[in-house]
Amino acid sequence: AEQCLSSLPGGHAAMSPLVESDECKIDPRLSVTKVGEAALKKVETTCAVALRMAMWERHTLQPAATMILGSGVSEILHLSSYNCRPIRTAAGEDARMSTHATAEAIDVTGFVLDDDRRVRLDEDWSSTGPNAKFLRAARDGACEWFQTTLGPDYNSLHRDHFHLQSRGWGLCR
């Protein structure tokens, strides 16, 4: 945990662990409001997720946004990281707990650019223009930094967000 914290850029604060139960906890726990140049609505997550977000922002999001859209990313829009719940499937809920129950994942819905344009998965993923091209580059880059990356091509439960997970089996869809 110490090594992870020392590797993170600014925009975070260490917090005491959150433990609701054996299955639902955040340890180590960070409050994050920025990764690199991009702001985030305050999110409580693990250092591993925050560090992977920072690497994704620096090495994928900023270069892709500048190249494809002509503007950098000023904010990463998200739903949450921590959520004490089971895995959701097309058939309903699974008996296993979601990686959100330990804040080892974050759900990203889109981006705000430096010029105030918004790029959102629910509005732009299915289009054919530069916003869709950027979102695909963002997804492909996330696959390099996260163990599991799920998006609209995975299933309808992910039609409006990228599920980015710090542990898992190397799934990129």
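Just so you know, the working numbering puts 157 at position 156 of the sequence shown, and the rest follows in order with no gaps.
Ideal Cβ positions, reconstructed from N, Cα and C, are used throughout, including at glycine.
Span of the alpha helix (DSSP H) holding D161?
-> Looking at the DSSP string, D161 is not in any alpha helix (DSSP H), and its letter there is neither H nor E.
Within 10 angstroms of the Cβ of R119, are there 16 or more other Cβ atoms? Answer buried if so, exposed if not.
-> exposed
Using a Cβ-Cβ cut-off of 6 Å (strictly less than) and excluding sequence neighbours within five positions of G61, which residues of its own chain qualify?
-> Note on residue identity: the sequence assigns Thr, not Gly, to residue 61. Only G142 meet the Cβ criterion.
For T67, which residues from the same chain have a beta carbon less than 7 Å from its beta carbon, with the 5 sequence-adjacent residues on both sides left out?
-> G73
Do you know offhand how far A14's Cα is from L158's?
-> 31 Å
Spatial neighbours of A49 in its chain, beta-carbon cut-off 6 Å, leaving aside the 5 residues before and after = S167
Length of the line joining the Cα atoms of D23 and A96 = 15 Å
In chain order, which beta strand (DSSP E) runs of at least 3 residues are fully inside the stretch 64-124?
-> 74-79, 87-90, 93-98, 106-114, 119-121
Looking at C-alpha atoms only, which residue of A106, S128, I77 is the closest neighbour of C85?
-> A106
Residues near E45 by beta carbon distance below 8 Å, same chain, minus five either side = M16, L19, I27, R30, L31, S32, V33, S82, Y83, A104
Opposing strand residues paired with M16 [DSSP bridges] | R30
Residues of its chain near I69, where Cβ-Cβ distance is below 6 Å and the 5 sequence neighbours each way are ignored | P131, K134, F135
For the alpha helix (DSSP H) containing E145, list its first residue and its last residue.
-> 131-146
Answer yes or no: do V113 and F163 have a C-beta to C-beta separation smaller than 7 Å?
-> no
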